[in-house]
Amino acid sequence: MNSKINLVLKNLNEQLNFIDLEIDNQIKKCEKAIEVILIAIANMKKLVVKTGFKSETEEIHFFKDLKPQFTSKLIYFNIVYKIEMKRPNGGNRILKKYYHNELQKLKAYFDNELDFYKYYRSGSSYLDYKYFLRGRYDIKLALDSYYFETDSSFSTSHDFKVARILANDLIQLYLEDQLIMIENKDLGDKSQRKPNVKLMWTGSKVALIELMYALHTEGVFNNGAADLKDIADYFEHTFDIDLGQYRRVFLEIRARKSEKSKFITTLNEALLKRMEKSDEAI
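Quick note: the sequence shown uses the numbering used here, first residue 2, plus one each step.
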């Protein structure tokens, strides 16, 4: 069953990537994203109801690792939608204060759920049988009231909390990106020298983002002093490409189950093959 759910998740991610590229308006983007996520969650639920779980281990894996990947996306786009709908009209100072207040809300949630946050982030599993098996709720675990209103056949006491942690990571990156854009507007546009030759990036955006993070990590620009945002701006200008929410994409790359540095690995293999060809032109 898990393989079928992973396929549903893969299709969902592809649809969300397409929406991110095709729709510029953030509110419309959220509306469309929520629409496709709800369909994906419905399909996922049908698989669970039809197939069930072979063991408690499989059930824990589903509610701890799989379902939150769907729910977190729904939470993320729903909260971003609300943030943008309530965004005040005004200058950059007002907008900065607004986005900073939203960041404080995330911190408040983090502080309130600190114990579980530590448990989840540390990779602990000794309480999984309580947190991620259905019908094992413990009122002493300070459950949110929403839990008692959910479908008990498709929810555990803490799968939503995991989803909220994942969603908050993305929301934080979104808010920080908004603040960076406001800062850039304050600084004004800086003139940049255009290269004599125009090169188009024809690979995937995910590959370029992976490469960008690798170069930043290695510190190859300005003796390692270059900021990630500056590198991203340079890439966008040089290749005339919009990298979008590249921080969110990096989180998805980091969450890959295998071949996290897929593009870098492919580059290395291709270069080694080229070097092995004795007749290869230099």
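Glycine is no exception: its CB is placed at the ideal position from the N, C-alpha and C atoms.
If you draw a straight line from the alpha carbon of residue i to that of residue j, how long is it in whole angstroms?
i    : j    : result
A208 : H159 : 34 angstroms
K47  : N185 : 46 angstroms
R122 : D116 : 10 angstroms
R90  : I84  : What sits at residue 90 in the sequence shown is Asn, not Arg. Between N90 and I84, the C-alpha separation is close to 13 angstroms.
K30  : R275 : 42 angstroms
K19  : L10  : The sequence shown places Phe at residue 19, rather than the Lys named in the question. Taking the straight line joining both Cα atoms gives about 14 angstroms.
Y148 : F155 : With a pLDDT of 49 at Y148, under the threshold of 50, the modelled position of this residue cannot be trusted, and the question is left open.
T266 : S56  : 36 angstroms
K65  : I24  : 31 angstroms
Q27  : E219 : 33 angstroms
K278 : D228 : 38 angstroms
A109 : E253 : 25 angstroms
H238 : K106 : 34 angstroms
L200 : I242 : 11 angstroms
Decide if residue i is buried, meaning its Cβ has at least 16 other Cβ atoms within 10 Å, or exposed.
i    : result
V221 : exposed
Q70  : buried
M86  : exposed
Y214 : buried
E211 : buried
A164 : buried
A233 : buried
L67  : buried
A41  : buried
Y100 : buried
Q179 : buried
V50  : exposed
E1   : Summary: the structure shown does not reach residue 1, with the chain confined to residues 2 through 283, and so no result is reported for it.
Span of the alpha helix (DSSP H) holding residue i?
i    : result
F240 : 229–240
E59  : 57–62
F19  : 3–23
V50  : 27–52
A109 : 93–113
P69  : 68–86
F222 : Per DSSP, F222 belongs to no alpha helix (DSSP H) and is neither H nor E.
T267 : 263–277
K131 : 129–132
E253 : 247–255
* Touch check for the region 10–21 and the region 59–78: three-plus C-beta pairs under 8 angstroms? -> yes
* Indicate whether the contact test is met: 3 or more Cβ pairs, each with one atom in the region 243–255 and one in the region 158–177, closer than 8 angstroms. => Segments in contact, yes.
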